[in-house]
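For reference, the structure is listed below as structure tokens.
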Amino acid sequence: MKYSTICEALGAAAADKMAKDFSVLVLGNGVRENGGRLSRGLYSAFGSQRVIDVPPSKDMGCALALGLAQTGAKPIIEIEGEYLLRALDVIANEIAVTEFMYDNQYASSVTIIAYTGFVKNASVQINQAYEAMLIQIPSLKVLCPSNPSDAYDFLTCALESEGPTVLVVEKSLAEYDFNAENISVTHTQDADKPTNNPFEAKRILKGEDVSIITYGSMVKECVAAAKAANIQKGISCDVIDIRSLNPIDYNTIIKSVSATGKVIVAHKARRTGGIASEIAAIIAQSEAFDYLEAPIIRICANDEYTGYADEYYDKCVPDKKDIYSAILKIAE
Amino acid sequence: MQIDSRVVLRIFYKMLKARLFEEEASKLKESGLIKDELCLSLGQEATAGAVCALNADDIVFASHRNFAVATALDVNITLLLAELTGLKSGLCSGKSGAQSYADNTVNFYGASALYASYFNKAVGAALSLKLQNRDNLVIVFAGDGAACMGDFYEALNTAALLKLPVIFFIENNGYAKSVKTEKIHNVKDIAQRASGFEIPGFIADGNDALNVYETIKRAAEYAKKDGPIIIESKTYRLAGYNYNDEQEYKKEDETAQWRDYDPIKNITDYMLHSSMGTVEDLLMMRKKIEQEIYAAHEFVMGLINSSDGDKEA
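Just so you know, the protein sequences line up as chains U and S, in that order. The working numbering applies: residue 1 is where the first sequence begins, and numbers increase by one. The working numbering applies: residue 333 is where the second sequence begins, and numbers increase by one.
This is the structure we're talking about:
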């Protein structure tokens, strides 16, 4: 793989775009000292007029980005997920509504990279996975890369498209070395579709018995579990990475579920009101319902807090073992 | 500073236009054709003096109480009235209503219905101007209520730190909803807040449009060179918080006193005393505005009464 980590890919995508498009800027706290994740190296390459240090408030930073966007700039701002809810007011009430409310008179091409998701040994407030809140906001594009190659394409797409985009990057995945592990989570590019459209779900593994619908860091867990189930039990799984959380590519999901008749929806964020709930509801409302041979299974974090010590995380957040058990159960 | 008589006439014209526009909007609200909350600028029309002190390419943000700013900016009042009545041919196709519209033809970057949400957007726009080495500025019109909120102080800090060309124009109209300003601020003057950020803060007589004009002229010169500045415009909200507000919390003699110091009366007196215009001149201007508003009214009523509505507009 060209980039070994998602952050490396994001930095490369930003740099490539900044070299071609002078309206692309990076805003953040500590970007000058390379404090941002993606901005490493960008300050020395592009200087203080393109990589701009601002005070740490994230709601302020997002509103600043909108003011810049209204004048024609395309700012990128990085947010650590624990501050996403602070910024959410500005994202929902200002950035996302600008195009509609002002009837397309002003641009709002802001790209927000939110580092979120559960990690082990972090304090409770730092451990948040609130991407489901984002999909409640109409017209806000929400993309969640499961691998560096997608991360590069998603950021490029965000910087080329009109209106705001949030890239949800899971902290557990941001610096994960994909080249060091022997798990492939990339899809093969369709020959007839030369561009990687982030809004299309992609099949990571092809199978006939069980559909597994997932995104983000759960993709590699699902791939590992599916491969194990295949080798040990001869069960073949159709693993789909939805990639875009808003809008969701329902056609690909419905097609897969209609073919297998069995579906597991999996993510690391919490269960109640989560993205898996929305996907399950859509499957239940679609023609795929008639093909279902078993109840839909959701594998998600429990509706509780992930504490600091190992046991709280292990008890709360699912991994490949939970997916493996679910595959065996649903395939019975 | 001696203000050119043409400028005085222009300010007067815009102030009167704001008032007559709001009278028309009030009638439409009364008859049920405007369903949105109306937050009138009644008594605060001297704000037009600030708008007249700007250059055409300066960037403007405003709050929910925005009609005096919009009319002074020459937002098309026919389209605005159509917006308020929720017509497809309105300024924002009927999507935004009375509190959160924009008009890019006059650099009105938008009003926002949410308190204080405009401060940091304004700072972002000012950052953009600075990065592009442009010689214009950003002005954000807000109330004393919004100036209580954290966003204001974050905006001041960032703007001061980066020395951005922003004028924070705080219309202190005495009330935040039904609560007196002194019950929500622990300082006598909001302009005083500037000292904590080591930027200047000045007070203007918000019922004296010429004083507002002069203050903003100076503030603009400063902001472009040296960075942000707070201007507190001390005025009085003759209107309720919104149209349905009965204002039982106000003392009768308080409102009466301020009615005697009405900003439109003040500028009229000045013009007549300094022989800048005769009563006939002023009545002629009034007539012209009335005609413009009548045309807007007819346009809107025509669409409302036509059988197809304005679906194809």
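Even glycine gets a Cβ: it sits at the ideal position worked out from N, Cα and C.
Looking at chain U, is there any beta carbon in it that lies within less than 8 Å of the beta carbon of residue i?
i, result
"S:THR410", "no"
"S:VAL438", "no"
"S:ALA645", "For S:ALA645, the pLDDT reaches just 47, beneath the cut-off of 50, and the residue's location in the model is therefore unreliable, leaving the point undetermined."
"S:GLY375", "no"
"S:LEU413", "no"
"S:SER425", "yes"
"S:ALA434", "yes"
"S:THR490", "yes"
"S:SER421", "no"
"S:GLY418", "no"
"S:GLU354", "no"
"S:LEU446", "yes"
"S:GLY442", "yes"
"S:SER646", "This structure gives no information on residue 646 of chain S, because the portion of chain S shown stretches from 333 to 645."
Using 10 angstroms around the beta-carbon of residue i, count the other beta-carbons present and answer buried if the total reaches 16, otherwise exposed.
i, result
"S:MET616", "exposed"
"S:PHE399", "buried"
"S:SER428", "buried"
"S:ALA430", "buried"
"S:ASP540", "buried"
"S:TYR626", "exposed"
"S:ILE499", "buried"
"U:ARG298", "buried"
"S:ARG338", "exposed"
"S:HIS605", "exposed"
"U:GLN105", "buried"
"S:PRO497", "buried"
"S:ASP594", "buried"
"U:SER164", "Checking the sequence shown, residue 164 of chain U turns out to be Pro, not Ser. Looking at its Cβ environment, which holds 16 or more other Cβ atoms inside 10 Å, U:PRO164 is buried."
"S:PRO560", "buried"
Considering only residues of the same chain and omitting the five flanking positions on each side of residue i, which have a CB-CB separation below 7 Å?
i, result
"S:MET481", "TYR447 and ALA448"
"U:TYR43", "VAL31, ARG32, ASN34 and VAL51"
"S:ALA328", "Missing from the structure shown is residue 328 of chain S; chain S here goes from 333 to 645 and no further."
"U:ALA45", "ALA15"
"S:ASP521", "ILE535 and GLU564"
"U:VAL219", "SER146, VAL185, ILE204 and ASP241"
"U:PHE154", "LEU143, PRO145, LEU167 and PRO198"
"U:ALA326", "ILE264, ILE297 and ILE299"
"S:SER373", "ALA350, GLU354, THR379, ARG397, PHE399 and ALA400"
"U:GLY273", "ALA132"
What whole-angstrom Cβ distance do residue i and residue j have, given they're in contact under 8 Å?
i, j, result
"S:LEU614", "S:ARG591", "That belief does not hold up - the Cβ atoms of S:LEU614 and S:ARG591 are roughly 19 Å apart, past 8 Å."
"S:GLY506", "S:ARG397", "About 13 Å separates the two Cβ atoms, so there is no contact after all."
"U:LYS341", "U:ARG243", "Outside the shown range of chain U, which is 1 to 332, sits residue 341 of chain U, and nothing can be said about it."
"U:PRO318", "U:ALA331", "Between U:ALA331 and U:PRO318 the Cβ distance is about 18 Å, and since that is not below 8 Å, they are no contact."
"S:TYR575", "S:GLU369", "7 Å"
"U:ILE253", "U:ILE283", "7 Å"
"U:CYS62", "U:ILE77", "6 Å"
"U:ALA225", "U:LYS262", "That belief does not hold up - the Cβ atoms of U:ALA225 and U:LYS262 are roughly 14 Å apart, past 8 Å."
"U:ALA180", "U:THR214", "About 22 Å separates the two Cβ atoms, so there is no contact after all."
"S:LYS620", "S:ASP558", "Between S:ASP558 and S:LYS620 the Cβ distance is about 40 Å, and since that is not below 8 Å, they are no contact."
Tell me, please, whether the CB atom of residue i is closer than 8 Å to any CB atom in chain S?
i, result
"U:ALA65", "yes"
"U:ASN93", "yes"
"U:PHE22", "no"
"U:TYR305", "no"
"U:LEU68", "yes"
"U:GLN49", "yes"
Within its chain, find whatever has a CB closer than 8 Å to the CB of residue i; leave out the 5 residues flanking it on each side and keep chain order.
i, result
"S:ASP467", "LYS556"
"S:ALA645", "Its pLDDT being 47, under 50, S:ALA645 is placed unreliably by the model, and the measurement read from it follows with that caveat. The answer, listed in chain order, is LEU419, LYS420, SER421 and LEU635."
"U:ALA174", "THR5, ILE6, CYS7, ARG37 and TYR115"
"S:ASN452", "ASP483, GLU486, ALA487 and THR490"
Can you list, in chain order, the residues of its chain whose CB lies under 6 Å from that of residue i, leaving out five sequence neighbours each side?
i, result
"S:TYR345", "MET617"
"U:LYS74", "SER23, VAL24, SER109 and LEU159"
"S:SER510", "TYR581"
"S:ILE548", "ALA382 and ALA385"
"S:ILE391", "ASN439, TYR441, ALA457 and VAL470"
"U:ALA13", "TYR152, LEU155 and THR156"
"U:LYS315", "none"
Determine, using beta carbons only, whether residue i comes closer than 8 Å to chain A.
i, result
"S:PRO595", "Among the chains of the structure shown, chain A does not appear; the protein chains present are U and S."
Mind listing which residues of the region 52–63 of chain U have their C-beta closer than 7 Å to chain S's C-betas, in chain order? Residues of the region 52–63 of chain U with a C-beta less than 7 Å from any C-beta of chain S: VAL54, PRO55, SER57, MET60 and ALA63, listed in chain order.
Please list, in chain order, the residues of the region 95–117 of chain U that have any C-beta partner in chain S closer than 7 Å. Contacts with chain S (Cβ-Cβ distance below 7 Å) from the region 95–117 of chain U involve PHE100, MET101, TYR102, ASP103, GLN105 and TYR106, listed in chain order.
Within 7 Å of chain S by C-beta, residues of the region 71–86 of chain U in sequence order: Per Cβ criterion, the list reads THR71 and ALA73.
Mind listing which residues of the region 448–463 of chain S have their C-beta closer than 7 Å to chain U's C-betas, in chain order? Within the region 448–463 of chain S, the residues whose Cβ lies closer than 7 Å to some Cβ of chain U are SER449, ASN452, LYS453, ALA454, VAL455, GLY456, ALA457, LEU459, SER460 and LEU463, listed in chain order.
Against chain U, which members of the region 362–374 of chain S pass a CB distance test of less than 9 Å? For the region 362–374 of chain S, which is checked against every Cβ of chain U, not one residue is closer than 9 Å.
When you check each C-beta in the region 486–520 of chain S against every C-beta of chain U, which residues fall closer than 8 Å? Flagged, chain order: GLU486, ALA487, ASN489, THR490, LEU493 and LEU494.
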